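These notes concern the structure reproduced below.
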Amino acid sequence: MRLERLTLRELLLPLKEPFRISSGTQTSRRILLLELEDADGTSVWSECVAPEEPNYNGETIDTARIALEHWVAPRVLGRWFANPAELFPALQHNFRGHLMAKAAVEMGMWALAAEQQGVSLARLLGGTRTEVEVGISLGIQASPGALVERSRRALEEGYRKVKLKIEPGADVEYVRAVRTELGPKAPLMADANNAYSLEQAEPLLQLDQLDLIMIEQPLAWDDLRQHAELQRRLRTPVCLDESITSLERAREMVELESGRVINIKPGRVGGFTASIAIHDFCAAQGIPVWCGGMLESGVGRAYNVALASLPNFTKPGDISPSSRYWERDVVSPEWTMQKGMMAVPKGTGIGVEVDRERIEKLTVWQKRVAAGQRGRGR
Ligand code: OSB
Ligand code: MG
């Protein structure tokens with residue numbers, strides 16, 4: 001396979017409801033879409049999930065744009081790859097970081113291979129599920145009562161897991177209210193996005209009494225050691241998100257016992273090759289994984305759904321339907337949920353069509369890079 005042209009474009013999509021997490025609030029999403037074309041005119045869309053602010057892993061949509069244009073694209077355009085598994089090593093060689101930028105092209109190349117072979121992306125990745133379990137990630141609300149009502153609605157809609165964002169001051173009282181009002185069986189978890197420290201772990205020890213499925217990334221975004229110390233004090237499983245940036249980090253998590261579950265976001269680890277390696281390693285270790293989200297448009301969601309169809313994705317993902325985020329998505333059909341499940345598309349490639357006309361209308365800027373054009377750093 002050979003990538004001939006790459007088009008980057010940014011869209012702005014307003015979120016239906018503000019999404020507040022401990023590290024910041026979003027009311028709309030700047031979305032970076034990529035279009036990848038081979039020499040035969042086969043083309044696919046992919047999405048770079050980097051957020052607007054450097055409050056997740058250090059990348060942003062603007063750093064990703066630079067990385068894609070100057071370093072990722074020149075390494076891939078015009079070069080022959082026997083299969084998409086060759087992309088990740090080629091992108092990692094003497095090229096540190098920028099994993100979300102790399103992932104956008106790496107995953108696009110998997111979709112391109114799926115198109116070329118006439119199979120679904122899920123099938124190419126080794127997916128075995130025909131549908132995946134759906135969870136919802138709820139932002140921090142104005143009051144415990146507001147969180148109870150939002151959570152109640154989510155359970156009524158059929159979500160199989162409700163993830164409550166927490167931060168100091170909006171934690172024990174909030175989560176306890178939800179547990180009390182919605183009952184002992186409600187499938188609840190919490191995600192702190194690094195808002196706590198070992199020294200101020202008291203709220204986490206109290207959350208430990210609330211029968212949460214897991215507590216996600218309570219401590220520093222790049223930490224494993226202190227999470228191990230915390231996990232020793234908690235019966236609730238710690239789930240790592242930010243800290244797991246590679247297979248090596250997943251191995252260290254198991255060695256140090258820093259956590260018992262991994263949230264895999266393919267963008268965070270550099271794409272599908274690394275995601276599958278982490279998935280396979282965790283399966284062998286008896287560590288459950290589930291697919292996280294980064295408020296993707298319907299394009300990025302297609303990639304998450306395909307990944308979540310692998311066998312060891314045994315907990316509901318943060319893969320909510322289009323209507324949870326947007327008045328109208330950029331793909332058709334939109335992503336929908338039936339009884340808390342989302343169907344894995346069977347069609348060729350990512351399995352949804354991109355509404356090109358709508359995307360043109362929403363585009364803020366675009367840039368086309370072709371084989372033969374040289375970037376920097378090559
Ligand atoms: O920590 O999982 C997170 C969104 C942005 C940054 C970090 C996180 C999230 C989510 C969103 O939880 C989940 C979704 O896409 O629905
Ligand atoms: Mg998280």
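Heads up: the sequence shown at position 261 corresponds to 261 in the numbering used here, and the numbers run straight through without jumps. Heads up, the beta-carbon is just placed ideally off N, CA and C, and yes, glycines get one too. Remember, it's a predicted structure, so these values are computed and weren't measured experimentally.
| Query | Result |
| --- | --- |
| In DSSP terms, what Ile262 is bridged to | Leu240, Val289 |
| Presumed contact (8 angstroms Cβ cut-off) between Val49 and Glu296, rounded CB distance | 6 angstroms |
| Three-way DSSP call (helix, strand, coil) for Thr60 in this model | coil |
| Beta-carbon proximity list for Glu248, same chain, < 6 angstroms, skipping 5 on both sides | none |
| Per DSSP, cross-strand counterpart(s) of Lys367 | Leu8 |
| C-beta contact flag for Val162 and Ile136 at 9 angstroms | yes |
| Selected residue, minimal CA-CA separation from Val344, among Leu87, Trp80, Val299, Thr130 | Thr130 |
| Beta-carbon proximity check, Met1 vs Gln92, cutoff 9 angstroms | no |
| Within the region 136-221, ranges of the beta strand (DSSP E) (whole runs, at least 3 residues) | 136-138, 162-165, 188-191 |
| 6 angstroms CB neighbourhood of Ala370 in its chain, flanking five on each side removed | Arg5 |
| For Arg96, the three-state DSSP class (helix, strand or coil) | coil |
| Coarse secondary structure for Ser320, derived from DSSP in three states | coil |
| Given Ala113 as reference, the closest of Asp38, Arg96, Lys165, Met100 once Cα atoms are compared | Asp38 |
| Given Gly349 as reference, the closest of Trp335, Pro144, Val119, Glu327 once Cα atoms are compared | Val119 |
| Spatial neighbours of Gln206 in its chain, beta-carbon cut-off 7 angstroms, leaving aside the 5 residues before and after | Val172 |
| Residues near Asp355 by beta carbon distance below 7 angstroms, same chain, minus five either side | Val330, Val331, Ser332 |
| Cβ neighbour criterion (16 or more within 10 Å) applied to Thr128 | exposed |
| As assigned by DSSP and simplified to three states, the class of Lys16 | strand |
| Residue range of the unbroken beta strand (DSSP E) whose run includes Gln35 | It is worth fixing the name first, because residue 35 is Glu in this sequence and not Gln. Start and end: 24-38. |
| Span separating the alpha-carbon of Ser151 from that of Val364 | 34 angstroms |
| Status (buried if at least 16 other CB within 10 Å, exposed otherwise) for Arg376 | The pLDDT assigned to Arg376 is 48, lower than 50, so where the model puts this residue is not dependable, and the model offers no usable value. |
| Among Trp221, Ala146, Leu36, the one whose alpha carbon lies nearest that of Ala104 | Leu36 |
| The alpha helix (DSSP H) enclosing Glu255, as first and last residue numbers | 247-256 |
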